[in-house]
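Per this note's numbering, the very first residue in the sequence shown carries number 10; after that it's consecutive.
No residue lacks a Cβ here, since even glycine has one placed at the ideal position from N, Cα and C.
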Amino acid sequence: MARFEQVKNLFISSLAAYNAENCPCAYPRFQQIIGIDCRDTGNSFKCFETDLLINLSKAGFDIEKSQLTDECTNEKWTCKKCGSTYEYGWSDFSIYVERQKLKLVHLAASPKGKPAVHPIPLYLGLMGHSYPSKTEITSVDFGAFENYLTEK
Numbered sequence: 010m011a012r013f014e015q016v017k018n019l020f021i022s023s024l025a026a027y028n029a030e031n032c033p034c035a036y037p038r039f040q041q042i043i044g045i046d047c048r049d050t051g052n053s054f055k056c057f058e059t060d061l062l063i064n065l066s067k068a069g070f071d072i073e074k075s076q077l078t079d080e081c082t083n084e085k086w087t088c089k090k091c092g093s094t095y096e097y098g099w100s101d102f103s104i105y106v107e108r109q110k111l112k113l114v115h116l117a118a119s120p121k122g123k124p125a126v127h128p129i130p131l132y133l134g135l136m137g138h139s140y141p142s143k144t145e146i147t148s149v150d151f152g153a154f155e156n157y158l159t160e161k
């Protein structure tokens with residue numbers, strides 16, 4: 010199975026599990042993956058896991074225009090289940106590199122699950138012009154990424 014399909018299937022099953030227990034917003038590791046933003050480290054990259062998880066979780070949010078104007082696209086996302094709010098941003102840095110992020114603004118759900126860790130373990134990884142140090146993000150095999158996301 011292709012790497013992308015492995016992660017897509019993992020995210021689909023993880024989102025179903027999160028929604029069965031509470032909602033994705035309650036899980037710090039969900040927040041961490043959707044919130045990876047190259048601007049936080051001063052680099053220029055996209056994170057494949059972030060893009061995929063945002064796209065797969067989008068149906069769980071009500072989306073409206075944001076007051077922010079710092080991105081090419083700004084939106085305010087509100088969780089349909091718990092009411093947590095996020096700021097969505099999309100920007101392109103060049104013809105080759107664009108990225109999206111979903112930053113938590115207000116958590117309305119009670120936190121559940123294990124805390125996020127650093128360095129952030131990724132399986133698909135990053136693509137771009139410059140990258141953060143290995144103390145921020147590290148590459149892992151699928152088993153390690155699956156264990157991290159499913160909190161095993």
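State buried or exposed for Ala68, treating a residue as buried only when at least 16 other CB atoms are found within 10 Å of its CB.
exposed
Identify whether Glu73 lies in helix, strand or coil by the three-state DSSP scheme.
strand
With a 10 Å radius around its C-beta and 16 neighbouring C-beta atoms as the bar for buried, classify Gln76 as buried or exposed.
So Gln76 ends up on the exposed side.
Taking the alpha helix (DSSP H) that Val16 belongs to, which residues open and close that run?
Annotation: the continuous alpha helix (DSSP H) that includes Val16 extends over Arg12 to Glu30.
Terminal residues of the continuous alpha helix (DSSP H) containing Ile63?
Phe57 to Ser66
Taking 8 Å as the cut-off, decide whether the C-beta atoms of Cys34 and Arg108 are in contact.
No. Outside cutoff.
Out of Cys91, Asn28 and Lys74, which one is the CA nearest neighbour of Leu65?
The shortest C-alpha separation from Leu65 is found at Asn28.
What first and last residue would you give for the alpha helix (DSSP H) that runs through Asn83?
Here Asn83 belongs to no alpha helix (DSSP H); instead the beta strand (DSSP E) covers Thr82 to Cys88.
Answer with buried or exposed for Tyr97, where buried requires no fewer than 16 other C-beta atoms within 10 angstroms of its C-beta.
buried
Closest to Pro37 by C-alpha separation, out of Lys123, Thr159 and Leu135, would be which residue?
Per the Cα distances, Lys123.
Can you tell me the Cα-Cα spacing of Leu162 and Asn156, whole angstroms?
Given that the chain is displayed from residue 10 to residue 161, the structure contains no residue 162 and the question cannot be resolved.
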